[in-house]
Amino acid sequence: MKKIIIGNWKMNLDHLQAIQLLQKINYSLSENIHEDIDIVVAPSHTSLRSVQTVIDTDNLSIQSSAQDVSEYNLGSYTGETSSLQLNKLNIDYCILGHSERRSLFLETDEVINTKLKNLLKINITPIICIGETEEDRNQSIQIDKCLSQIRRIFKGVRKDAINECIIAYEPIWAIGTGIVAQPENASEILEEVKKYLLNNNFLIEKFRFVYGGSVTKSNAKDLMNEESINGLLVGGASLDPDEFIDIIKLSL
Ligand code: PGA
Numbered sequence: 304m305k306k307i308i309i310g311n312w313k314m315n316l317d318h319l320q321a322i323q324l325l326q327k328i329n330y331s332l333s334e335n336i337h338e339d340i341d342i343v344v345a346p347s348h349t350s351l352r353s354v355q356t357v358i359d360t361d362n363l364s365i366q367s368s369a370q371d372v373s374e375y376n377l378g379s380y381t382g383e384t385s386s387l388q389l390n391k392l393n394i395d396y397c398i399l400g401h402s403e404r405r406s407l408f409l410e411t412d413e414v415i416n417t418k419l420k421n422l423l424k425i426n427i428t429p430i431i432c433i434g435e436t437e438e439d440r441n442q443s444i445q446i447d448k449c450l451s452q453i454r455r456i457f458k459g460v461r462k463d464a465i466n467e468c469i470i471a472y473e474p475i476w477a478i479g480t481g482i483v484a485q486p487e488n489a490s491e492i493l494e495e496v497k498k499y500l501l502n503n504n505f506l507i508e509k510f511r512f513v514y515g516g517s518v519t520k521s522n523a524k525d526l527m528n529e530e531s532i533n534g535l536l537v538g539g540a541s542l543d544p545d546e547f548i549d550i551i552k553l554s555l
């Protein structure tokens, strides 16, 4: 399975700063690196067009991702951006159901399910985030929590669609806290997710599974050494080009 490192820039950087960061990352990468690993950056919507234009014009070995998409396709939805609008930008990926969207903007699995169905109609790979809270883990219900997210998010989705997706396990207690999950925590979740999907007749041979939550250059290698982990979703550390490059190199 091809590895993938995704930098989630969240609500940081204006479009000029985003281009600068993109160029700094690109400067330190070898030209053929994309043959071994997919490198993806997820800027804010205001920077997506500029970032993608630089990627296309300079033929960079980097791909871009949106951080979210509307559940609606067209019309009077002030402030929203549809999957069709994103598709016109030529971007490759879109993050769905990030825990910050769930907790701060009350996004539900049902809304994520609609967004997923919209993205699957076009040529954008969904990066679907799942993960439990600290309280869930303390009560040992992390598996139930993640499986219930998967069940609702994939409700009514065609059985082969998961192969076109990336599943990101991002335990909420690890996001932005400096506390990283043990690689075995991620493997345990993946095994259960796979079991659930197989039992429900989903075709799963090709989907990629990534870990996110306090990834830095000091834990990237250990995480990527875990057989089940195909890649990393990096937040804070992706804003520092040297650190992000180190994470990529350690993941090769
Ligand atoms: P973090 O964020 O690396 O800063 O913990 C990860 C994420 O929210 O995707």
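In this note's numbering, the protein residues as written are 304 to 555. A virtual CB, placed ideally from N, CA and C, is assigned to each residue, including glycine.
Candidates the options, of which the one nearest residue i by Cα
i: GLU438; options: GLU487, PRO346, ILE394 and ILE475; result: ILE475
i: HIS401; options: ASN329, THR436, LEU324 and VAL496; result: THR436
i: SER517; options: GLY539, ILE532 and LEU501; result: GLY539
i: ILE427; options: LEU493, LEU506, SER367 and ILE307; result: SER367
i: THR384; options: THR356, SER347 and GLN442; result: SER347
i: ILE433; options: PHE547, LYS448 and ARG461; result: LYS448
i: ILE328; options: ILE394, ASP543, ASN421 and LEU555; result: ASP543
i: ILE309; options: VAL496, VAL344, GLN323 and ASP361; result: VAL344
i: LEU501; options: ILE453, THR519, GLN320 and GLY534; result: ILE453
i: VAL372; options: LEU351, LEU363 and VAL513; result: LEU351
i: GLU413; options: LYS313, PHE547 and ILE431; result: ILE431
i: GLU410; options: GLN442, GLU374, GLN388 and GLY382; result: GLU374
i: MET304; options: SER541, LYS552, VAL357 and GLY534; result: GLY534
i: PHE547; options: THR480, ASP339 and LEU325; result: LEU325
i: SER541; options: PHE457, GLY479 and PHE505; result: GLY479
i: SER490; options: LYS306, ILE446 and THR381; result: ILE446
i: CYS468; options: PRO429, SER406, LYS552 and LEU536; result: PRO429
i: ASN393; options: VAL496, THR381, LEU377 and THR360; result: THR360
i: LYS313; options: THR349, GLN388 and ILE444; result: THR349
Neighbour-count burial assignment, residue i, 16 or more Cβ in a 10 Å radius
i: GLU403; result: buried
i: ILE482; result: exposed
i: ASP341; result: buried
i: LYS520; result: buried
i: TYR396; result: buried
i: LYS509; result: exposed
i: PHE408; result: exposed
i: LYS557; result: Since the first residue shown for the chain is 304 and the last is 555, residue 557 is missing from the structure and cannot be characterised.
i: SER462; result: Position check: residue 462 holds Lys in this sequence, whereas Ser was assumed. Classification for LYS462: exposed.
i: GLN442; result: exposed
Nearest-angstrom Cβ-Cβ length linking residue i and residue j, presumed shorter than 8 Å
i: ALA471; j: GLY515; result: 5 Å
i: ASN421; j: SER386; result: 4 Å
Item to complete: Would you check if the stretch 480-499 and the stretch 521-532 touch, i.e. whether three or more CB-CB distances between them fall below 8 Å?
Response: yes
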